[in-house]
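Taking it in order: structure first as structure tokens, then the write-up.
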């Protein structure tokens, strides 16, 4: 029996999970729910807490599960929960995982990782789709490992290279607007970091933030009115609101460079992106090392995506009159 400790979230074993989205969540829909293939005979039981349903996070979860299934087959079972964008629901989910004494917890997105961290300091926790672990875990001294029961993978693309992509795609632009959710720490980090690189490229940069999905269209309109091009970092709320963003940006004829492929497909012209499936798969391989090989998670370095790919959407590029240089792969809109 594993030792349990530090349960900070209140235990809720009955009742309806919160389906409304709080903070920067998508208040228009709640795509949460439960998917469990838990088998009583499975040797390893893994809890998966995913913040919200959208293409990138879904792909990371699938990659994670596939990696463990490839290596363990029926010896592993999953309790997969979707928090529908609500951080308090993440806490409820992770507290239940701890009560069930699962062998490992996956936190997919920052709020899910933070909830798992608050729920236990003994059960191994892996994060995926996390941009910056130091920010997510409030660690001032970051060396690549957490020194506690947490590790995982980061979806942070090289922001200096993204700035160079923006320069080669929009060389005549002068003003770049950055749109993101103000309650997502990862987005704040990306915006602050890439702003420096964009200014080095000669751009004037301004942030446009929203605190709720209801504000997305208005904020996007403000950004389009004052900017020559838009940058959207890897942002869970933006990823859930690409249709609203695209409706405004396409009417304004303003190009968007996205921090990841899912946002690019929904409203962008191009991206320098990772494969979230591959990221999740790498996380699953880390889980195998912990569960089977006995690797000490405290010493496991956070891993990055195995590769980054320049991608563009030819139809949107043509509509906006953007010449895309060699080296970009074609992708299709959603």
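In mature numbering (1 follows the signal peptide of the UniProt record, and there is no 0), the protein residues as written are -22 to -1, 1 to 312. Beta carbons are placed, not taken as given, at the ideal position from N, Cα and C, and that holds for glycine.
Hey, which unbroken runs of the alpha helix (DSSP H) at 4 residues or more fall wholly within the stretch 104 to 130?
Scanning the stretch 104 to 130 from its first residue to its last, the whole alpha helix (DSSP H) runs of 4-plus residues come out as 111 to 114.
With a Cβ-Cβ cutoff of 9 Å, do residue 38 and residue 255 count as a contact?
Looking up residue 38 in the chain shown gives position 60. Looking up residue 255 in the chain shown gives position 277. Going by C-beta atoms, residue 38 is nearer than 9 Å to residue 255.
Starting from the C-beta of residue 177, find all residues in its chain whose C-beta is less than 8 Å away, skip the five residues before and the five after it, and write them out in chain order.
Walking along the chain shown from the start, residue 177 turns up at place 199. Closer than 8 Å at the Cβ level, and outside the excluded window around residue 177, lie 183.
Closest Cα partner of residue 214 within the set 164, 46, 111, 48:
Translated into the one-based positions of the chain shown, residue 214 becomes position 236. Between residue 214 and the set 164, 46, 111, 48, the nearest pair of CA atoms involves 164.
Under the assumption that residue 130 contacts residue 106 (Cβ atoms under 8 Å), give the Cβ distance between them as a whole number of angstroms.
The residue you call residue 130 lines up with position 152 of the chain shown. The residue you call residue 106 lines up with position 128 of the chain shown. Going by Cβ atoms, the distance from residue 130 to residue 106 rounds to 6 Å, so yes, they are a contact pair.
Strand pairing of residue 156, partner residues [DSSP]:
As a working mapping, residue 156 is identified with position 178 in the chain shown. Paired residue(s): 185, 209.
Which residues share a DSSP beta bridge with residue 290?
As a position in the chain shown, residue 290 is number 312, starting the count at 1. Paired residues: 248, 308.
Stretch-stretch touch, CB-based, cutoff 8 Å, three pairs: the stretch 247 to 254 with the stretch 72 to 86:
no
Is the beta carbon of residue 318 sitting closer than 9 Å to the one on residue 235?
With the chain covering only -22 through 312, there is no way to say anything about residue 318.
According to the neighbour-count rule (16 or more other Cβ atoms, all chains shown, within 10 Å of its Cβ), is residue 93 buried or exposed?
Within the chain shown, numbered from 1, the residue matching residue 93 stands at position 115. When all chains shown are included, residue 93 counts as buried.
DSSP bridge partner residues for residue 85 (one or two, in chain order)
If you number the chain shown from 1, residue 85 lands on position 107. Per DSSP, 27, 105.
According to the Cβ coordinates, are residue 151 and residue 181 closer than 9 Å?
The residue given as residue 151 occupies position 173 in the chain shown. The residue given as residue 181 occupies position 203 in the chain shown. Result yes, Cβ atoms of residue 151 and residue 181 sit closer than 9 Å.
Mind checking residue 271: buried by the 16 CB within 10 Å criterion, or exposed?
Numbered from its first residue, the chain shown carries residue 271 at position 293. Exposed: under 16 other Cβ atoms inside 10 Å.
Which residues mark the beginning and the end of the beta strand (DSSP E) in which residue 57 is found?
For the purposes of this step, residue 57 is taken as the residue at position 79 of the chain shown. Taken as a continuous stretch (DSSP letters only), the beta strand (DSSP E) holding residue 57 covers 54 to 60.
Please name the residue or residues paired with residue 234 in a DSSP beta bridge.
Counted from its first residue, the chain shown places residue 234 at position 256. For residue 234, which the question treats as bridged, DSSP gives the partners 208.
Cross-strand partners of residue 49 (DSSP beta bridge)
Position 71 of the chain shown, counted from the first residue, corresponds to residue 49. In DSSP, residue 49 forms no bridge with anything.
The stretch 116 to 124 / the stretch 188 to 197 touching (three or more Cβ pairs under 8 Å)
no
Considering only the beta carbon of each residue, do residue 81 and residue 269 sit closer than 9 Å?
In the chain shown, the residue the question calls residue 81 occupies position 103. In the chain shown, the residue the question calls residue 269 occupies position 291. Yes, they are a contact pair.
Residue of 168, 25, 60 minimising C-alpha distance to residue 138:
Numbered from its first residue, the chain shown carries residue 138 at position 160. When only C-alpha atoms are compared, the closest one is 168.
Using only CA atoms, which one of 55, 35, 34, 30 lies nearest to residue 266?
Start at 1 with the first residue of the chain shown, and residue 266 comes out as number 288. Ranked by Cα distance from residue 266, the first of 55, 35, 34, 30 is 55.
Can you tell me the Cα-Cα spacing of residue 69 and residue 301, whole angstroms?
Taking the first residue of the chain shown as 1, we reach residue 69 at position 91. Taking the first residue of the chain shown as 1, we reach residue 301 at position 323. Rounded to whole angstroms, residue 69 to residue 301 spans 46 Å at the Cα level.
Using the three-state DSSP reduction, which class does residue 132 fall into: helix, strand or coil?
For the purposes of this step, residue 132 is taken as the residue at position 154 of the chain shown. In the three-state DSSP reduction, residue 132 falls in the strand class (E or B).
Between the CA atoms of residue 154 and residue 298 - distance to the nearest angstrom
To locate residue 298, count along the chain shown from 1; it is residue 320. To locate residue 154, count along the chain shown from 1; it is residue 176. Answer to the nearest angstrom: the Cα atoms are 16 Å apart.
Assign residue 205 to buried or exposed, taking buried as 16 or more other Cβ atoms, counted over all protein chains shown, within 10 Å of its Cβ.
By 1-based counting over the chain shown, the position of residue 205 is 227. Residue 205 sits buried, since 16 or more C-beta atoms from the chains shown fall within 10 Å of its C-beta.
Tell me the rounded alpha-carbon separation between residue 198 and residue 207.
Here residue 198 refers to the residue found at position 220 of the chain shown. Here residue 207 refers to the residue found at position 229 of the chain shown. If I take the Cα positions, the gap works out to 11 Å.
Taking a contact to mean a Cβ-Cβ separation below 9 Å, would you say residue 276 touches residue 132 in this structure?
Looking up residue 276 in the chain shown gives position 298. Looking up residue 132 in the chain shown gives position 154. For residue 276 and residue 132, no; Cβs fall outside 9 Å.
Whole angstroms are fine: how far does the CA of residue 144 sit from the CA of residue 310?
On the chain shown, position 332 is the one that residue 310 refers to. On the chain shown, position 166 is the one that residue 144 refers to. Straight-line Cα distance between these residues: approximately 19 Å.
Specify the secondary structure class of residue 21 as computed by DSSP and reduced to three states.
Here residue 21 is taken as the residue at index 43 of the chain shown, counted from 1. Residue 21 falls in the coil class under three-state DSSP.
In this structure, how does DSSP classify residue -11 when only helix, strand and coil are distinguished?
By one-based count along the chain shown, residue -11 stands at place 12. Note that residue -11 scores a pLDDT of 37, beneath 50, so its modelled location is shaky; the value from the coordinates is reported in the next line. The answer is coil: DSSP assigns residue -11 none of H, G, I, E or B.
Three-state secondary structure (DSSP) at residue 191?
By 1-based counting over the chain shown, the position of residue 191 is 213. DSSP places residue 191 in helix when its eight states are reduced to three.
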